[in-house]
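Trainee: In numbering that gives the first Met the number 0, the protein residues as written are 0 to 192. Would you mind keeping the following structure in view while I ask a few things?
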Amino acid sequence: MNYQEALLFFPCTENDDLFELYEEKIFEYKQFFISKIPIKKVFLAKEKKMLQMNEAYMVISKNYFNLNNSISNSYTLTKDILDCFNLYQKHKNELKIKLSICSNALEISEVIHFQISLEELYIEEWAHSFQENETSTEGIILSKEPDPMTLLNAIKEFNLAGGITFEDIRLKRNISPELLINESKRLSLYRKL
0 MNYQEALLFF
10 PCTENDDLFE
20 LYEEKIFEYK
30 QFFISKIPIK
40 KVFLAKEKKM
50 LQMNEAYMVI
60 SKNYFNLNNS
70 ISNSYTLTKD
80 ILDCFNLYQK
90 HKNELKIKLS
100 ICSNALEISE
110 VIHFQISLEE
120 LYIEEWAHSF
130 QENETSTEGI
140 ILSKEPDPMT
150 LLNAIKEFNL
160 AGGITFEDIR
170 LKRNISPELL
180 INESKRLSLY
190 RKL
C-alpha cells in the first residue's frame, strides 16, 4: 500500500495527531466487536476494514505494531444445557474483557477469531436439538439473541422438569420451554447460513 492509498483507509491531515486518531478508530472497532453478536461474515468483513486501516496507519505514520499479548484459548463445551450456557457466558465475558484492553488492530483480530470460534462451538451444541423438518422457523430473527437471564431461567425451568441435555429439547418437546425451542431454531438457522 502506498501513501496515497493509505489516505483512503486512514484519512488524515498534516495537523492531525496520528496516534490519537488511530486510538479513536481502534476504540470504535473494539466497541463494535464487544457489542455485536459474533456473526462470522460480519465480523470478518469488519476485521478486513480494520486491518486495512491499521496497515494504512503504519504506512502514514511509519509506526509499526507487533502482536504483544498473544492469547491461547481452547474451548470445550458440554452437552448439559446449563453447564454449556454457563461456560459460554464465562468465556464470552473473558473475551470481551480481553478486547477492551487490546491496543491495536492485530490484538483485536486475534481476539475476534476466538469469539467466532467460541460462537461456532456454542451454536453446534444447540443446533443438534432442532431438526428443520419438525417445526416452522417463521418469526425467528438470527441476529436477535434472547436476554441471557431469561434464557438461563428457561434452562433452569427445563432442568427442574427433567430436561438436562440439548437432545432433551427435541425428545421432551412437550416440557421444553418455548424459548429453548426457539433458541435451538435460531442457532440451527444461523449454522445453516
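Even for Gly, the Cβ is constructed at its ideal location relative to N, Cα and C.
By the 10 Å Cβ neighbour count, where 16 or more other Cβ atoms means buried, how is residue 104 classified, buried or exposed?
Mentor: The residue you call residue 104 lines up with position 105 of the sequence shown. Result: buried.
Trainee: Would you tell me roughly how many angstroms separate the C-alpha atoms of residue 78 and residue 41, rounded to the nearest one?
Mentor: In the sequence shown, residue 78 corresponds to position 79, counting from 1. In the sequence shown, residue 41 corresponds to position 42, counting from 1. C-alpha separation (whole angstroms): 28 angstroms.
Trainee: Hey, out of 143, 151, 164, 0, whose CA is closest to residue 51's CA?
Mentor: Along the sequence shown, read from residue 1 onward, the residue named residue 51 stands at position 52. Minimum Cα distance to residue 51 is reached at 0.
Trainee: Provide the residue(s) that pair with residue 164 in DSSP beta bridges, ordered along the chain.
Mentor: Here residue 164 refers to the residue found at position 165 when the sequence shown is read from its first residue. BP columns for residue 164 point to 79.
Trainee: Hey, out of 161, 144, 164, whose CA is closest to residue 181's CA?
Mentor: In the sequence shown, counting from the first residue as 1, residue 181 sits at position 182. It is 144 whose Cα lies nearest to the Cα of residue 181.
Trainee: Using 8 angstroms as the threshold, is the segment 16-25 in touch with the segment 81-91, meaning 3 or more CB pairs across them?
Mentor: These segments do not touch.
Trainee: For residue 10, does the three-state DSSP call read helix, strand or coil?
Mentor: The residue given as residue 10 occupies position 11 in the sequence shown. It is coil, neither helix nor strand.
Trainee: Rounded to a whole number of angstroms, what is the C-alpha to C-alpha distance between residue 98 and residue 84?
Mentor: Stepping through the sequence shown from its first residue, residue 98 is reached at position 99. Stepping through the sequence shown from its first residue, residue 84 is reached at position 85. Taking the straight line joining both Cα atoms gives about 21 angstroms.
Trainee: Return the chain-ordered ranges of every beta strand (DSSP E) run that is complete within the segment 16-57 and spans a minimum of 3 residues.
Mentor: The qualifying runs do not exist here; there are none.
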